[in-house]
Amino acid sequence: MLYPIQNEVRNRLDLSGIWDFRPDPDGFGEQDGWFNGLEAARPIAMPGSWNEQYEDLFNYLGLAWYVRKTFVPASWQGERVFLRVGSANYQATVYVNGERAGSHEGGHLPFAFDITGLLRWDAENTIAISVENELKPTRVPSGNIKSAIGAFASYPRTTFDFFPFAGLHRPVVLYSVPQVAIDDLTVVTTVDGADGVVRVTARLSEPATTGGSLTLSGGATALRAELAFEDGVATAEVRVPGARLWSDKDPYLYDLTVQTADDRYTLKVGIRTIAVEGGRILLNGKPVQLNGFGRHEDFIASGKGLNLPLMVKDYALMRWTGANSYRTSHYPYSEEEMQLADREGFLIIDEIPAVSLQFDTAENIAERLRVCLQQIDELIARDKNHPSVVMWCVANEPMPRTLDLAGAGDSGGEDTGEAEGKAMLETLLARARELDPTRLVTIVTLMGGPQSWMEQCDVICMNRYWGWYVLGGELDKARAALEGELDQVWAKFGRPIIMTEFGADTMAGMHGHPSVMWTEEYQADYIRMHLETAAARDFVAGMQVWNFADFAAVQSIMRVGGLNMKGVFTRTRQPKMAAHVLREFWVR
Ligand code: BDP
Numbered sequence: 032m033l034y035p036i037q038n039e040v041r042n043r044l045d046l047s048g049i050w051d052f053r054p055d056p057d058g059f060g061e062q063d064g065w066f067n068g069l070e071a072a073r074p075i076a077m078p079g080s081w082n083e084q085y086e087d088l089f090n091y092l093g094l095a096w097y098v099r100k101t102f103v104p105a106s107w108q109g110e111r112v113f114l115r116v117g118s119a120n121y122q123a124t125v126y127v128n129g130e131r132a133g134s135h136e137g138g139h140l141p142f143a144f145d146i147t148g149l150l151r152w153d154a155e156n157t158i159a160i161s162v163e164n165e166l167k168p169t170r171v172p173s174g175n176i177k178s179a180i181g182a183f184a185s186y187p188r189t190t191f192d193f194f195p196f197a198g199l200h201r202p203v204v205l206y207s208v209p210q211v212a213i214d215d216l217t218v219v220t221t222v223d224g225a226d227g228v229v230r231v232t233a234r235l236s237e238p239a240t241t242g243g244s245l246t247l248s249g250g251a252t253a254l255r256a257e258l259a260f261e262d263g264v265a266t267a268e269v270r271v272p273g274a275r276l277w278s279d280k281d282p283y284l285y286d287l288t289v290q291t292a293d294d295r296y297t298l299k300v301g302i303r304t305i306a307v308e309g310g311r312i313l314l315n316g317k318p319v320q321l322n323g324f325g326r327h328e329d330f331i332a333s334g335k336g337l338n339l340p341l342m343v344k345d346y347a348l349m350r351w352t353g354a355n356s357y358r359t360s361h362y363p364y365s366e367e368e369m370q371l372a373d374r375e376g377f378l379i380i381d382e383i384p385a386v387s388l389q390f391d392t393a394e395n396i397a398e399r400l401r402v403c404l405q406q407i408d409e410l411i412a413r414d415k416n417h418p419s420v421v422m423w424c425v426a427n428e429p430m431p432r433t434l435d436l437a438g439a440g441d442s443g444g445e446d447t448g449e450a451e452g453k454a455m456l457e458t459l460l461a462r463a464r465e466l467d468p469t470r471l472v473t474i475v476t477l478m479g480g481p482q483s484w485m486e487q488c489d490v491i492c493m494n495r496y497w498g499w500y501v502l503g504g505e506l507d508k509a510r511a512a513l514e515g516e517l518d519q520v521w522a523k524f525g526r527p528i529i530m531t532e533f534g535a536d537t538m539a540g541m542h543g544h545p546s547v548m549w550t551e552e553y554q555a556d557y558i559r560m561h562l563e564t565a566a567a568r569d570f571v572a573g574m575q576v577w578n579f580a581d582f583a584a585v586q587s588i589m590r591v592g593g594l595n596m597k598g599v600f601t602r603t604r605q606p607k608m609a610a611h612v613l614r615e616f617w618v619r
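Below you can see the structure in the form of structure tokens.
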């Protein structure tokens, strides 16, 4: 799943802009031929969530149609043309000139269909995409589920704590490639003394036996190797003497260009290694701390739609706090985000949309497992060449049937679904490891969940809310509980721990002395307490505050104005006091 690029042999036409749009609550669109054009259409921005663009569509999650017309440049004739959707949440079907080109299930990941045979070269082409985001128990993530536990009795009925934005969230592009194209590249880097070793496997779209080459360039370096394709696959290695390694402090990128008889593709490559040793995470053999945030793709008006100015601003704000890392909670972020992370030197925990997995009935579990495996395959295919991605996360807070919030994961003999959960989660971890043995894999665990679910993780990732959901207002007791749990988990597993979530809802502008819950002072004290606790423990390899910014959640008694207010920045990106506490600890 290569990112479409423009060069001398490949083309790309971005269809972002204002499209025609119409909700189809009764599902008549297909039989009434809406793929040929919409009557009574309203304008909509693509990319963008429809929920934030129209007040009457705020809670609408049913079927809706996007249509636009476009010419395809005549110079593309003779090439293969694809239509690629960056993300459609949740289920989408693509039509070109009235013909069905294909369907895709699952948000936040790209898909493409070969539409060469459906195109008109002498007239405009009608592109239609129907999308729906109904909340269903068998979807990932799930909704409208009876057995959902937790405090999130909410509208809409999600099992997760963020707004279920719907629509085409990332650009729809047309792209062309030569008949025999470079279909996929896998780049693996290792370090040998002062040398970097870059190993490239290239796959063609046809099982051809042919020649090619690769060039790695950067600074004074320009290294070349031959590629001998057999059955469409070739592997080659280049050794980079005195390589400039990629890191969060010096995110140096080389240009890798692969050339075949007809095609050419250029990719950014960072030479780095990632490993675990005892309680440390090692980047290029040296201990590294992952300091930063859990985040969301979320903003006023754009919803979950790609918002480039916001993205650049958020990186600048994260840097201002001294952060060098984040988790793509709770779904893959845009490809543009990942490119920026490579360039800016952020260490990414890359997560599939498996938030709050439930272990209810065997049929539901089996169906979700199928979807999760597809999401792992698609995520790794998309992101495997990003040096910024250091860890795959296959689930956030899988949910036992009952929780022991006061203890550390002993539910007292009830049937918690622990065995079913363990079987499914270990299948997911194994799949990620099999597809990519070069990165770390993890599950982000829930407070009070079974510790046996951590056993197969390279790094223990813990979401903990001591001092908020438990022992709220009692930071001294919360500190003791946190210290106790961290030390116990370290003694048991002897692996690095990252606190992937800890946070306190905070109403910007609310103050208190003494500090009480919801005030800026309380959030500042809460975060300081966590960072001090971590600083005293070498085995804590990362601290990721929940959350970078306030974000849209579902309506409930837990979420003032429909917002989760655990951001250290407001939704409009103004700092709360806690942001300054982060700077004290992280800016070096
Ligand atoms: C954790 C979830 C996260 C929530 C957070 C919270 O992983 O999605 O937003 O709690 O309650 O359980 O703020």
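Under our numbering, the first residue of the sequence shown is numbered 32, with each subsequent residue one higher. We put the CB at the ideal spot given by N, CA and C, even for glycine.
- Residue environment for P238: exposed (fewer than 16 other C-beta atoms within 10 angstroms of its C-beta).
- Secondary structure within the segment 454 to 480: the beta strand (DSSP E) runs of 3 or more consecutive residues, fully enclosed, are 471 to 476 (chain order).
- DSSP lists G334 as the bridge partner or partners of F330.
- The continuous beta strand (DSSP E) containing F52 extends over residues G48 to P54.
- By the Cβ criterion, the segment 136 to 143 is in contact with the segment 117 to 124, since at least three pairs of Cβ atoms, one from each stretch, lie closer than 8 Å.
- Residue pairing for P318: DSSP places it in a beta bridge opposite L313.
- I75 counts as buried, since no fewer than 16 other beta carbons sit within 10 angstroms of its beta carbon.
- With distances taken between CA atoms, G224 lies nearest to G316 out of H200, G316 and F196.
- Taking a contact as a CB-CB distance under 8 Å, the pair E257 and T240 does not count as one, their CB atoms being some 14 Å apart.
- Leaving aside the five residues that flank C403 on each side, the residues in its chain whose CB is nearer than 6 Å to its CB run, in chain order, V171, A385 and L459.
- Taking the Cβ atoms as the reference, W152 lies roughly 6 Å from Q108, within the contact range of under 8 Å.
- Closest in alpha carbon position to I474, among N42, D489, G376 and L337, is D489.
- Checking the 6 Å criterion, the Cβ of K597 is within range of a heavy atom belonging to ligand 1.
- By the Cβ criterion, the segment 332 to 346 is not in contact with the segment 213 to 232, since fewer than three pairs of Cβ atoms, one from each stretch, lie closer than 8 Å.
- Not one heavy atom of ligand 1 is found less than 6 Å from the C-beta of E451.
- For the pair L594 and Y364, the Cα-to-Cα distance works out to about 20 Å.
- Under the DSSP definition of a beta bridge, A580 partners with F600.
- Taken in chain order, the whole alpha helix (DSSP H) runs of length 4 or more contained in the segment 491 to 558 are 506 to 524.
- Put simply, the backbone Cα of M455 is about 25 Å away from that of Y357.
- If you check the C-beta of D329 against ligand 1, you find no heavy atom less than 6 Å away.
- The criterion of a C-beta distance shorter than 7 Å is satisfied by I558 and A609.
- Taking 7 Å as the cut-off, the Cβ atoms of L276 and I312 do not count as close.
- Judged by beta-carbon spacing, M493 lies beyond the 7 Å limit of M541, meaning their Cβ atoms are not closer than that value.
- Setting aside the 5 residues that flank it on each side, L434 is surrounded in the same chain by G479, each with a C-beta closer than 6 Å to its C-beta; the list follows chain order.
- Comparing alpha carbon positions, the residue from I379, S173 and E61 closest to L400 is S173.
- Among the bridge pairs identified by DSSP, R111 is matched with V208.
- DSSP links C488 through a beta bridge to no other residue.
- If you look at F260, you'll find it in the beta strand (DSSP E) that goes T252 to F260.
- By the beta-carbon neighbour count (other beta carbons within 10 angstroms, threshold 16), Y296 is buried.
- Proximity of the segment 391 to 400 to the segment 149 to 167 falls short of the contact definition, fewer than three beta-carbon pairs being nearer than 8 Å.
- Of the candidates V103, E382, F616 and A259, V103 places its Cα closest to the Cα of V204.
- Contact between the segment 59 to 72 and the segment 87 to 100 is present: three or more C-beta pairs spanning the two stretches fall below 8 Å.
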